[in-house]
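> Below: one structure in structure tokens.
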Amino acid sequence: MAKEITNREENYSLWYNNLVVKADLAENSAVRGCMVIKPYGYAIWEKIQGALDKMFKDTGHVNAYFPLFIPKSFLSKEAEHVEGFAKECAVVTHHRLMNSPDGKGVVVDPTAKLEEELIVRPTSETIIWNTYKNWIKSYRDLPVLCNQWANVVRWEMRTRLFLRTTEFLWQEGHTAHATRQEAMEETQRMVEVYASFARDWMALPVLIGSKTPSERFAGALDTLCIEAMMQDGKALQAGTSHFLGQNFARAFDVQFASKEGKLEYVWSTSWGVSTRLIGALIMAHSDNNGLVLPPKLAPLQVVLVPIYKGNDELSEIAEYLQPIRKALEAKGITVKMDDRDNVRSGFKFAEWEMKGVPVRIAAGPRDRAQGTVEVARRDTLEKQSVPVAGIDEYVIQLLIEIQANIYQKAHVFREKNTFTVDSYEEFKTRIEDGGFFLCHWDGTPETEEKIKEETKATIRCIPTDASPEAGKCMVTGKPSAQRVIFARAY
RNA sequence: CGGGGUGUAGCGCAGUUGGCUAGCGCGCCACGUUCGGGACGUGGAGGCCGUGUGUUCGAGUCACAUCACCCCGACCA
């Protein structure tokens, strides 16, 4: 199957439908736009959760959980927020079913209508701020630094496996602070947490920047984001951190008594990443043989494949591999011995490659006689004969090297596909081939909209670390103080 | 919600201008031979042809309706 996938730059849906699904990550569910994440795919999510959760805690956050259902009235309290989400809400109107009068199946019991409809959370700002109101009375109660791991539902027009499912899993941090400064620092801190997670764990280089007002989160004063480049040159927003100002505090009347005894509205942030990260992982690293997972997020880091004929050889080889397995496990490496007897080793090789296991160790009678094993690395598909003595150290180094190499590949790819362009005509032509474009923009939503309509490219972000550079907007020629990143995006 | 496409075995598909007992590949089960890169042979199990209503002597095939899914837009993490 993998061999048929050759046009990865053009057709990710083929990956998802024909390759990734067969790689046991996910399958479509009967429910509109939702997906069943299979155990292997979920294991990746658990890895992501584990790493992020630790980073959140290291930055002083704690986990909590808030209700799935939000009373409709909560949504209407913050005007921009409701406008942003109103079009994509699942609404609970009734609480009971009954047997259909015509005897066929069940229908909604019309007498069980809810007094107030409940919204299945598309995000939890409203219900959380309704709760924070009761938690925050004094400056001594601040800051509140909560995160929740949850599912949310957004009834999008169009869904896409991993990238935009109707229901998705995510993490949402919601913090409350006494000062504007503190909240802004938190917003910045968390986008940097995301960026370092992407870099260090996902082997995914990202750009940090600010969204333009039209791309901002509904209800935010500023949205910081990390943007990654996929292998087809399209951009993927991989995480966001919002500075919400006092908008939600005002909407939910959350005031605190300051040291000076004055009542003040609190300042807030929210930030999140979702199962979209799994999609990012797939689209950034995979090749025609299937997934390529960074060792630090791979559910299995090493697979052992015995090569043998008959039961005698199997037990000999198994005995040969067993100490290797133990040695690796002792070093904290996740290992699986694939001793299935119903498929041949060639099949196993192909299957584990498709699943993206970073390192494969195979051994047969020949290796046993020589005291070696065959070590294959997923990122380059290279194979090498390695002595068993010291294999644990060898594998540890190899895993580190693979992690670094995958990042490096992605980074080089992004650099090769990032262009500085000044002419709009040139931009219109070259955007067709994908990539990030550093261009001058006059800062108006009108120009942004015009570019989007004419080229399908959006401003992914105004990079935070870019050096100022006076120039002229590529469309209007009006002055611009710095370049922004344009790209077509998922 | 617009435009296009697809619904036939667990998966991927074929099925002619309507015709007799609905096929193929993969997978599955049994036995045997194999086993250092996706093995092969023989035998076997598995179908209300998405759903409904029509047309017809006869419908997987035609008509209408309906539902679901996929792709391209609009919307979005």
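Quick note on numbering: this note's numbering labels position 440 of the first sequence as 473, and the sequence is numbered without any gaps. Built from N, CA and C at the ideal position, the CB exists for glycine as well. Computed from a predicted structure; not experimentally measured.
#1: Between which two residues does the alpha helix (DSSP H) holding LEU354 run?
#2: Threshold first: 3 residues or longer. Then list the beta strand (DSSP E) segments lying entirely within the segment 398 to 461, N to C.
#3: Indicate the three-state DSSP secondary structure (helix, strand or coil) for PHE201 in the structure shown.
#4: Quick one: measure Cβ to Cβ for ALA271 and ALA331, integer angstroms, because I've assumed they're closer than 8 Å.
#5: On a CA-only basis, which of ALA228, ARG309, ASN280 and HIS210 is nearest ILE77? Give me that one, please.
#6: Name the two residues that bound the continuous beta strand (DSSP E) containing ASN131.
#7: Kindly indicate the opening and closing residues of the beta strand (DSSP E) around LEU296.
#8: Once you ignore the five residues that flank ARG521 on each side, which residues in its own chain have a CB closer than 6 Å to its CB?
#9: Just checking my contact of GLU444 with PRO238 at CB under 8 Å: how many whole Å lie between their CB atoms?
#10: Given 8 Å as the limit, is there contact between the segment 118 to 130 and the segment 153 to 162, that is, 3 or more CB pairs closer than that?
#11: Tell me which same chain residues have a C-beta within less than 6 Å of the C-beta of GLY74, skipping the five on either side of it?
#12: Quick one: residues in its chain with C-beta nearer than 8 Å to the C-beta of THR198, no 5 flanking neighbours on either side, listed in chain order?
#13: By a C-beta neighbour count over all protein chains shown, 10 Å radius and 16 as the cutoff for buried, is VAL335 buried or exposed?
#14: Within the same chain, show all residues whose beta-carbon is closer than 6 Å to that of GLU362, passing over the 5 residues directly before and after it, in chain order.
#15: Can you tell me which of the three DSSP states THR39 falls into?
#16: Per DSSP, HIS275 is paired with what?
#17: So what does DSSP say about TRP385, is it helix, strand or coil?
#18: Quick check on the burial criterion: 16 or more other C-beta atoms within 10 angstroms. Buried or exposed for ASN163?
#19: DSSP three-state label for LYS166, please.
#20: VAL421 and TYR427 - do their beta-carbons sit closer together than 7 Å?
#21: Out of curiosity, what's the CA-to-CA distance linking ASP174 and VAL95?
#22: Mark PRO72 as exposed unless 16 or more other C-beta atoms lie within 10 angstroms of its C-beta, in which case mark it buried.
#23: On the three-state DSSP scale, how would you describe HIS207?
#24: Can you tell me whether THR144 is buried or exposed, with buried defined as 16 or more other CB within 10 angstroms of its CB?
#25: Tell me whether the beta-carbon of ILE241 lies closer than 7 Å to the beta-carbon of VAL226.
#26: Return the Cβ separation of PHE446 and ARG463 in integer angstroms, given the expectation that the two are a contact with Cβ distance under 8 Å.
#27: Is the segment 97 to 107 touching the segment 272 to 283 in the sense that three or more CB pairs, one from each, lie closer than 8 Å?
#28: Could you check the C-alpha separation between ILE424 and ALA409 for me, to the nearest Å?
#29: Taking the beta carbon of GLU205 as the centre, do at least 16 other beta carbons fall within 10 Å, making it buried, or is it exposed?
#30: From this set, THR413, GLU293 and SER301, which residue's C-alpha is nearest GLU215's C-alpha?
#31: Where in the segment 90 to 119 do unbroken runs of the alpha helix (DSSP H), each at least 4 residues long, occur, reported from the N-terminal end onward?
#32: Apart from the five residues on each side of it in sequence, which residues of its chain come closer than 6 Å, Cβ to Cβ, to LYS416?
#33: Look up ALA251 in the DSSP assignment and say whether it is helix, strand or coil.
#34: Here's a check: name, in chain order, each residue in its chain whose Cβ is nearer than 6 Å to the Cβ of HIS318, leaving out the five neighbours to either side.
#35: Let me know if VAL390 comes out buried or exposed under the rule of 16 or more other beta-carbons within 10 Å of its beta-carbon.
On the basis of the supplied data:
#1: By one-based count along the first sequence, residue 354 stands at place 321. Annotation for LEU354: the continuous alpha helix (DSSP H) segment containing it runs 343 to 363.
#2: As far as the segment 398 to 461 is concerned, its whole beta strand (DSSP E) runs of at least 3 residues are 405 to 410, 416 to 420 and 451 to 453.
#3: Translated into positions along the first sequence, residue 201 becomes position 168. Strand, per DSSP.
#4: Counting from one through the first sequence, the residue named residue 271 turns up at place 238. Counting from one through the first sequence, the residue named residue 331 turns up at place 298. Not really, about 19 Å apart at Cβ, beyond 8 Å.
#5: As a first step, residue 77 must be located in the first sequence, where it is residue number 44. Comparing alpha-carbon positions, the option among ALA228, ARG309, ASN280 and HIS210 lying closest to ILE77 turns out to be ARG309.
#6: Looking up residue 131 in the first sequence gives position 98. According to the sequence shown, residue 131 is Met rather than Asn. Taken as a continuous stretch (DSSP letters only), the beta strand (DSSP E) holding MET131 covers 130 to 132.
#7: The residue labelled residue 296 in the question sits at position 263 within the first sequence. 296 to 298 is the extent of the beta strand (DSSP E) around LEU296.
#8: Residue numbering aside, residue 521 sits at position 488 when the first sequence is read from its first letter. Contacts found: LYS267, LYS489 and ALA490.
#9: Start at 1 with the first residue of the first sequence, and residue 444 comes out as number 411. Start at 1 with the first residue of the first sequence, and residue 238 comes out as number 205. The residue asked about is misnamed: residue 444 is His in this sequence, not Glu. Yes, they are in contact, since the Cβ atoms of HIS444 and PRO238 sit about 4 Å apart, within 8 Å.
#10: The segment 118 to 130 is in contact with the segment 153 to 162.
#11: Along the first sequence, one-based indexing puts residue 74 at 41. Hits under 6 Å: LEU58 and ALA59.
#12: Taking the first sequence and counting its residues from 1, the one referred to as residue 198 is at position 165. The residues GLY66, CYS67, MET68, THR192 and THR308, in chain order, have a CB closer than 8 Å to that of THR198 in the same chain once the five nearest residues on each side in sequence are set aside.
#13: Here the question's residue 335 lines up with position 302 in the first sequence. A residue is called buried once 16 or more other Cβ atoms fall within 10 Å of its Cβ, and VAL335 is buried on that count.
#14: Position 329 of the first sequence, counted from the first residue, corresponds to residue 362. Closer than 6 Å at the Cβ level, and outside the excluded window around GLU362, lie VAL368.
#15: Sequence index remark: in the first sequence, residue 39 carries index 6 (1-based). Residue confidence for THR39 is low, a pLDDT of 34 falling below 50, so the modelled location carries little weight; the figure read from the coordinates is stated next. Residue state, collapsed to three classes: coil.
#16: Counting from 1 along the first sequence, the entry for residue 275 is found at position 242. Bridge partners of HIS275: THR256 and SER303.
#17: Here the question's residue 385 lines up with position 352 in the first sequence. When DSSP states are grouped into helix, strand and coil, TRP385 belongs to the helix group.
#18: Within the first sequence, residue 163 is the residue found at index 130, counting from 1. Classified as buried, ASN163 has 16 or more neighbouring CB atoms from the shown chains inside 10 Å of its CB.
#19: Position 133 of the first sequence holds residue 166. In this structure, LYS166 counts as helix in the three-state DSSP scheme.
#20: Residue numbering aside, residue 427 sits at position 394 when the first sequence is read from its first letter. Residue numbering aside, residue 421 sits at position 388 when the first sequence is read from its first letter. Contact flag unset, no.
#21: Your numbering for residue 174 matches position 141 in the first sequence. Your numbering for residue 95 matches position 62 in the first sequence. When the Cα atoms are used, ASP174 and VAL95 turn out to be separated by approximately 15 Å.
#22: Counted from its first residue, the first sequence places residue 72 at position 39. Its Cβ having fewer than 16 others within 10 Å, PRO72 is exposed.
#23: As a first step, residue 207 must be located in the first sequence, where it is residue number 174. Correct three-state label for HIS207: strand.
#24: Position 111 of the first sequence, counting from 1, holds the residue named residue 144. Under the 10 Å beta carbon count, THR144 is surrounded by fewer than 16 other beta carbons and is classified as exposed.
#25: Counting from 1 along the first sequence, the entry for residue 241 is found at position 208. Counting from 1 along the first sequence, the entry for residue 226 is found at position 193. Against a cut-off of 7 Å, the Cβ pair of VAL226 and ILE241 comes out as no contact.
#26: Position 413 of the first sequence, counted from the first residue, corresponds to residue 446. Position 430 of the first sequence, counted from the first residue, corresponds to residue 463. The beta carbons of PHE446 and ARG463 sit about 16 Å from each other, so the pair does not count as a contact at 8 Å.
#27: Contact between the segment 272 to 283 and the segment 97 to 107 is absent, because fewer than three Cβ pairs lie under 8 Å.
#28: Locating residue 424 in the first sequence gives position 391, counting from the first residue. Locating residue 409 in the first sequence gives position 376, counting from the first residue. Pairing ILE424 with ALA409, the inter-Cα distance amounts to about 13 Å.
#29: By one-based count along the first sequence, residue 205 stands at place 172. With 16 or more other Cβ atoms within 10 Å, it is buried.
#30: In the first sequence, the residue the question calls residue 215 occupies position 182. In terms of CA proximity to GLU215, SER301 leads the group THR413, GLU293 and SER301.
#31: Along the length of the segment 90 to 119, whole alpha helix (DSSP H) runs at least 4 residues long occupy 105 to 108 and 112 to 118, reported in chain order.
#32: Numbered from 1 along the first sequence, position 383 holds the residue referred to as residue 416. Around LYS416: GLU407 and ALA409.
#33: On the first sequence, position 218 is the one that residue 251 refers to. In this structure, ALA251 counts as coil in the three-state DSSP scheme.
#34: The residue given as residue 318 occupies position 285 in the first sequence. Taken in chain order, the residues that qualify are VAL325 and ILE439.
#35: Along the first sequence, read from residue 1 onward, the residue named residue 390 stands at position 357. The residue in question, VAL390, is buried, as its Cβ has 16 or more Cβ neighbours within 10 Å.
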